[in-house]
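Under the UniProt record's numbering, the residues of the sequence shown are numbered 1 to 406, in order.
Just so you know, even glycine gets a beta-carbon here, dropped at the ideal spot from N, CA and C.
In what follows, a structure is listed as C-alpha cells, so that the remarks can point back to it.
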Amino acid sequence: MHKHHSALGLATTLSTGITGYEIAKQRPVQAVTLVRPHAAARAARFFTEKFPGRTMYAVKANPSPDLLRVLWDAGVTHYDVASIGEVRLLSRTLPGATLCLMHPVKAEEVIREAYHEHGVRVFSLDSLEELDKIVRATGGAEDLTLCVRLQVSSDYSKLSLGAKFGASGADVKPLLMATRQVADSLGVCFHVGSQAMTPDAYAFAMDRVRAAIVEAGVVVDVVDVGGGFPSHYPGMEPPALERYFDTIHRAFENLPISYSAELWAEPGRALCAEYSSVVVRVEKRRGNELYINDGAYGALFDAAHLGWRFPVTLLREPDSRAKEMAFSFYGPTCDDLDRMAGPFHLPADVQAGDYLEIGMLGAYGSAMRTAFNGFGSDETVVVEDEPMVSMYTEAAPRVAANVVKL
Ligand SMILES: *Cc1c(COP(=O)(O)O)cnc(C)c1O
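Structure, rendered in C-alpha cells:
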C-alpha cells in the first residue's frame with residue numbers, strides 16, 4: 001500500500017488530519033480508496049475485548065494484506081478462510097495465524113493441501129459426503145475440529161446466506177453423530193445472513209442449535225455463531241453490538257454443552273466496513289443523476305446490485321450552502337447495469353468536477369472490485385480522520401456535519 005501514490009501527485013506526507021478533502025484537492029483522475037487502519041483496529045479490539053468468546057475474522061469480507069496485519073496487531077489470531085487462495089494468502093501474510101476452513105463444500109485437493117501444508121485443523125461440513133472427503137484428504141487425522149453447519153433462517157438479515165449451505169431436517173442427527181466419531185473436537189456452526197438487523201437472529205439460530213444437540217445426544221465442544229454482525233448504513237441503523245453479544249452469551253450459557261465448550265464468532269463486515277471509503281469524481285451531471293468514476297464493477301457492487309445506500313459527502317471547500325437533494329449514480333463502464341439507485345443525498349449544486357467521498361466500503365466493496373472495461377484503480381491512501389459513521393464511537397465528528405441530515 002502506498003501512503004500516497006506519486007502517480008497522482010499526492011505528495012503530502014502522512015500527517016495527522018489527512019482527510020478526504022485533502023485528497024480531493026489533489027484532483028485525482030481515478031477513484032482513490034481511503035483506508036483507516038485505526039478504525040479497523042478499533043473494531044477488532046471491540047470484538048476481542050467484548051465478544052464473550054473467540055473472534056475469527058472472515059477473510060472474504062476484505063482480504064487486503066494491510067488490513068489483515070492491522071487485525072492481527074489488534075489481537076485477532078483466528079481467520080475464517082474459504083478457498084485455497086485465502087489459505088495461501090493467510091499462510092503467507094500471517095504465518096502465526098490459526099486458519100479455519102469454514103466453507104462446507106471443498107475440493108478434496110484443497111482439504112489435503114490445507115491440512116498437510118498449512119496446518120489447518122478446523123473444517124466445516126454440512127453432509128456425510130464432505131465428512132468422507134475430510135477423512136480421506138487428511139488420512140484419517142485424529143486432531144480435527146469439525147464444525148457441522150446447520151441451516152438457519154436468514155429472515156432477520158439484509159443478505160441471505162440461508163439457502164445454499166447447512167444441514168437441515170432429518171439429516172442433522174446422523175451427521176452430528178457421524179462427525180462426533182471422527183472429530184477430536186465437535187463444533188456446530190451457522191450463519192444468520194449478513195447484516196443481521198436484530199439480535200433475535202442469533203437467538204432463533206441458537207434455538208436450532210439446542211434442538212440439534214438434544215436430538216443427536218452428542219457432546220459439543222464448539223459453538224460458532226458465524227458472521228452477520230451489522231454495520232451502520234443510511235436506512236440501516238442496527239442496535240448496539242453489545243446487545244448482540246448479550247443475546248448470544250445468554251443463549252450459549254443455556255445450551256446443553258460441557259463447561260469447557262468454546263464460543264466462536266466469524267465477523268467479516270463488522271470488522272472491516274469502516275476500514276475504507278472511496279473518493280470519486282463527478283464526470284457529468286444529468287438532472288439528478290451523477291456520472292462518477294467508480295461503480296458496480298468497482299467498490300459499489302452492493303449499491304448497484306442490492307440497492308444499498310452508503311453515506312456520501314461532497315468534498316468541496318468551502319462547503320456548499322445549497323440544500324440537499326436526492327441523487328442516483330452511474331458508474332464509469334458502458335452498460336446500464338452500472339447504476340446505483342441510492343438515493344444519495346448531496347447538496348443540490350453538485351456538478352461535474354466535484355469530488356465525493358462514499359463511505360463504509362471496507363466490507364465487500366474493495367474485495368469485489370474488477371478492472372472491467374479498463375476502469376478500476378488500486379490507488380490507496382491512508383487517512384486518519386474518522387469514518388463517516390461508526391458502530392464503535394459515540395459520535396464521529398463528521399456524522400454531525402455531513403451524514404445526520406440524511
Ligand atoms: C461470509 C461469511 C462470514 C462473514 O459474514 P459477515 O456477514 O460479513 O459477518 C462468516 N462466516 C462464513 C461461513 C461466511 O460465509
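Practice task
Out of 173, 216, 374, 251, state which residue places its alpha-carbon closest to the alpha-carbon of residue 30.
Solution key: If we check each option's Cα against that of residue 30, 374 comes out closest.
Handout entry: Between the CA atoms of residue 362 and residue 391 - distance to the nearest angstrom
Key = Distance between the alpha carbons of residue 391 and residue 362: 14 Å.
Handout entry: Near ligand 1: residue 194 beta-carbon under 7 Å from a heavy atom
Key = Residue 194: yes, Cβ under 7 Å from ligand 1.
Practice task
Could you say if the region 246-255 and the region 292-304 meet the contact criterion of at least three C-beta pairs nearer than 8 Å?
Solution key: The count of Cβ pairs closer than 8 Å, one atom from the region 246-255 and one from the region 292-304, stays below three, leaving the stretches out of contact.
Exercise for the section: Quick one: grab the DSSP three-state call for residue 389. Expected result: Residue 389 falls in the coil class under three-state DSSP.
Practice task
Verify the contact flag: residue 161, CB atom, against every heavy atom of ligand 1, threshold strictly below 7 Å.
Solution key: Indeed, a heavy atom of ligand 1 lies less than 7 Å from the Cβ.
Practice task
On the DSSP bridge assignment, give the partners of residue 78 in chain order.
Solution key: Under DSSP, the beta-bridge partners assigned to residue 78 are 56, 98.
Exercise for the section: Give the secondary structure of residue 206 by DSSP, where H, G and I count as helix, E and B as strand, and everything else as coil. Expected result: Note: residue 206 maps to helix in three-state DSSP.
Handout entry: Three-state class that DSSP yields for residue 233 in the structure shown
Key = The answer is strand: DSSP assigns residue 233 an E or B state.
Exercise for the section: Taking only the alpha-carbon atoms, compute the straight-line gap between residue 266 and residue 287 and give it to the nearest angstrom. Expected result: One C-alpha to the other measures close to 43 Å.
Problem - Spatial distance of residue 224 from residue 263 (CA atoms) - result: The alpha-carbon of residue 224 is positioned some 6 Å away from that of residue 263.
Problem - Burial state of residue 214, where buried means 16 or more other Cβ atoms lie within 10 Å - result: So residue 214 ends up on the exposed side.
Practice task
Have a look at the DSSP bridge pairing and note the partners of residue 50.
Solution key: The secondary-structure analysis by DSSP pairs residue 50 with nothing; it has no beta-bridge partner.
Problem - Sequence-distant residues of its chain with Cβ nearer than 6 Å to residue 105 (five each side left out) - result: Answer for residue 105: no residue qualifies.
Handout entry: Contact between the region 115-123 and the region 158-167 (3+ Cβ pairs under 8 Å)
Key = Counting C-beta pairs with one atom in each stretch, the region 115-123 and the region 158-167 have fewer than three that are closer than 8 Å, which means they do not touch.
Practice task
Please specify which runs of the alpha helix (DSSP H), each continuous and at least 4 residues long, are wholly inside the region 254-321, giving them in chain order.
Solution key: Runs found: 269-272, 301-305.
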